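K.L.:
Protein chains in written order, with my numbering: chain X, 1 to 314; chain E, 315 to 626. A virtual CB, placed ideally from N, CA and C, is assigned to each residue, including glycine. Remember, predicted model here, so these are calculated numbers, not experimental data.
1) Any idea if residue 469 of chain E is buried or exposed, counting beta-carbon neighbours within 10 angstroms, 16 or more meaning buried?
2) Return the chain-ordered list of same chain residues with a C-beta closer than 6 Å to the C-beta of residue 316 of chain X, the five sequence neighbours on each side being excluded.
3) Should residue 9 of chain X go down as buried or exposed, given a rule of 16 or more other Cβ atoms within 10 Å for buried?
4) Mark residue 315 of chain X as exposed unless 16 or more other C-beta atoms lie within 10 angstroms of its C-beta, in which case mark it buried.
5) Please report the straight-line C-alpha distance between residue 425 of chain E and residue 437 of chain E, rounded to a whole angstrom.
6) Taking the Cβ atom as the reference point for each residue, do residue 568 of chain E and residue 488 of chain E lie within a distance shorter than 9 Å?
7) Taking the runs of the alpha helix (DSSP H) that are 4 residues or longer, which of them lie wholly in the region 166-238 of chain X?
8) Check the Cβ of residue 472 of chain E against every Cβ in chain X and list those closer than 9 Å, keeping chain order.
9) Quick one: which chain E residues come within Cβ less than 9 Å of residue 133 of chain X?
10) Considering residue 581 of chain E, what are the terminal residues of the alpha helix (DSSP H) in which it resides?
11) By the 9 Å beta-carbon criterion, what residues does the region 14-32 of chain X contribute toward chain E?
12) Using CA coordinates, which residue listed in X:227, X:83, X:33, X:49 is at the minimum distance from residue 273 of chain X?
13) When you compare only the Cα positions, how much space is there between residue 138 of chain X and residue 253 of chain X?
14) Comparing the C-beta of residue 608 of chain E with each C-beta of chain X, is any distance below 9 Å?
15) Could you check if residue 394 of chain E is buried or exposed, using at least 16 other CB atoms within 10 Å of its CB as the buried criterion?
16) So if DSSP puts residue 413 of chain E in a beta bridge, which residue, or which two residues, is it bridged to?
17) In whole angstroms, give me the CA-to-CA distance for residue 212 of chain X and residue 68 of chain X.
18) Rank E:592, E:516, E:522, E:441 by C-alpha distance to the C-alpha of residue 534 of chain E and give the top, closest one.
19) Against chain E, does residue 113 of chain X count as a neighbour if the rule is that its beta carbon must be under 9 Å from one of theirs?
20) Is there at least one Cβ from chain E nearer than 9 Å to residue 150 of chain X's Cβ?
21) Where does residue 528 of chain E sit, in a helix, a strand or coil, going by DSSP?
22) Under a Cβ-count criterion, where at least 16 other Cβ atoms within 10 Å of its own Cβ denotes burial, should residue 53 of chain X be classed as buried or exposed?
23) Enumerate in chain order the residues of its own chain whose CB-to-CB distance from residue 316 of chain X is below 8 Å, with the five nearest sequence positions on each side excluded.
24) For chain X, find out if any of its Cβ atoms is closer than 9 Å to the Cβ of residue 605 of chain E; answer yes or no.
25) Decide yes or no for the touch test of the region 139-148 of chain X against the region 184-195 of chain X: beta carbon pairs closer than 8 Å, at least 3 of them.
26) Which word fits residue 134 of chain X, buried or exposed, when buried means at least 16 other C-beta atoms lie within 10 angstroms of its C-beta?
27) Taking 9 Å as the CB-CB cut-off, is residue 586 of chain E touching chain X?
28) Between residue 284 of chain X and the rest of its own chain, which residues show a CB-CB distance below 8 Å, the 5 nearest in sequence each way excluded?
29) Residue 397 of chain E lies in the alpha helix (DSSP H); which residues open and close that run?
30) With distances taken from CA atoms, which of X:14, X:304, X:3 is nearest residue 464 of chain E?
31) With a threshold of 9 Å between beta carbons, is residue 65 of chain X in contact with chain E?
32) DSSP has residue 86 of chain X in a bridge; who is on the other side?
33) Just to confirm my understanding: we take residue 163 of chain X, look at its own chain, exclude 5 residues before and 5 after, and list those with CB closer than 7 Å. What are they?
34) I'd like the span of the alpha helix (DSSP H) that includes residue 132 of chain X, first residue to last.
35) Residues in the region 479-513 of chain E with C-beta within 8 Å of chain X's C-beta atoms, listed in sequence order?
36) When burial is assigned at 16 or more other CB atoms within 10 Å of the CB, is residue 362 of chain E buried or exposed?
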């Protein structure tokens, strides 16, 4: 197992290095002169030369690359062209908002998916199973940001229960913070629940047909013990994998959902940076989200080895 | 008494012969059944796929003859603005006084076109890379698959936004973004299949009689990996539509002057207090389209018994 984990760690390092390299070349792939694109409109040659120097574009490519990588390793992603603020600081200001919604969305997804998927599998072919499976299909097919708009329409505009937009820091009160997070979290959670429920149902159905479940029943164990003590333990393994992988989808979906709720998280930071052609910010956010995705994959893979004895002893 | 069997025997023999002939004909008919016939039967057996196919076909017709079906010119802004759904405007009117139903119908075309072209691009590139990696192995496989792993590390929407950041918004660039983000799944699926097929008897036989590698890949391997490719392509169209609508919603997609579902949803945000229909109907149009494609793709996967690579 240790050898597998070390190999997996090394490969994750390779992927992170590769992603950083791709992100480095992003700016260099901009058609034409990236400096004139970024400064679009009227600008003096001095301003262009200064920006070129700040971005290191006046250096030979290999030196640009080495400097950029060195800076990234030290957590220096450059400065925003529009505000001159360090990219890391801009990201750090936005990140807690995105992570709060991600965590809540993930939690809501798990809370809905596990019991619903379990019941759908146990009552296979019933009306409940049909409704749950249809809802799952709808949840996967509808865009997360649309759920956001509809939830605003129902819970904020019609019922007036929750605030429609904005974010409040937890330091300004835990309830206002939670109240503002609930709708975006719910919008993110619905899509997440749909994905997880599908795997929960399929996983449990597969396990319920296996020999060791028949043995457990033959031993005279109660149905509750068979399901919760035996079947669920195995059926949850693929759900854990998918839950980790679906984090990327959750984060990706949030990039758009944040705009719906006017929350200035990393997604909104990225969108406005693309509009403003603020490439250092674009590069920083893309690198950060990719890093989170790669690390989530790594954690899932390692968790898998711990959860699944076939890998641990294989 | 003695005649009875005599008269009966030919009758039995005739019946046997008739039954044998019928059996023979049946066997012959079965033999003659082409692969596509069997495939169609399996599709029908898989109700989910069949239902999805009907919906997708309906939507394709709407996309093709949308301008004929739309009751009004989608750019005609002569109507009362923000009028709720009625018989004359089943989905109401927007903030410019345009008929939303007509705009949703016209929007089908752009979403379908972008989704299909994106899926085609990812299929062509992904299948080519996957087949090369799986057939040649060695350094070709190593380079291709490491590149694929690298692209896989970027969440698809982030990759698409990165592409838009570099090359700008617009339908063409969205197609490129969808193509790049999704080709990875095709490459992985095809490589996996080719790995087992490259050692199959028919491949070895073709190689033994001196058939060239490109011909083996095109004539022998490709037809055998068609099923998972078709399934993945169907699901990718749906994913492409979601990407297009998401980016257009953000203002990073198709030209805002074009009637699209994403653009309609974007506009709805400013009038959410007054006009619920602006948000609900375009969203349902997206949902119904992607649901139909997912239903078809998923059913097809079951019918063809294909294992797929997990979605990102």
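P.N.:
For this structure:
1) buried
2) In the structure as shown, chain X starts at 1 and stops at 314, and residue 316 of chain X therefore has no counterpart that could be examined.
3) exposed
4) Because chain X here runs from 1 to 314, residue 315 of chain X falls outside it and cannot be looked at.
5) 18 Å
6) yes
7) 174-208, 211-218
8) 248, 251, 252, 255, 270, 285, 286, 289, 290, 293
9) Contacts between residue 133 of chain X and chain E, judged by CB atoms closer than 9 Å, are missing: the closest CB pair is about 10 Å apart.
10) Its alpha helix (DSSP H) spans residues 575-582.
11) 14, 15, 16, 18, 19, 21, 22, 23, 26, 27, 29, 30, 31
12) X:83
13) In this structure, the straight-line span from the alpha carbon of residue 138 of chain X to that of residue 253 of chain X is close to 16 Å.
14) yes
15) exposed
16) E:407
17) 55 Å
18) Answer by Cα proximity: E:516.
19) no
20) Chain E, which has a Cβ nearer than 9 Å to the Cβ of residue 150 of chain X, makes this yes.
21) helix
22) exposed
23) Absent from the model: residue 316 of chain X. The displayed extent of chain X is 1 to 314, so no value can be given.
24) Judged by the 9 Å Cβ criterion, residue 605 of chain E is in contact with chain X.
25) yes
26) exposed
27) yes
28) 77, 78, 87, 88, 90, 91
29) Premise fails: residue 397 of chain E is in no alpha helix (DSSP H) and is neither H nor E.
30) That would be X:14, whose Cα lies nearest to the Cα of residue 464 of chain E.
31) no
32) X:79
33) 156, 179, 180
34) 127-141
35) For the region 479-513 of chain E, which is checked against every Cβ of chain X, the residues closer than 8 Å are 479, 480, 481.
36) buried
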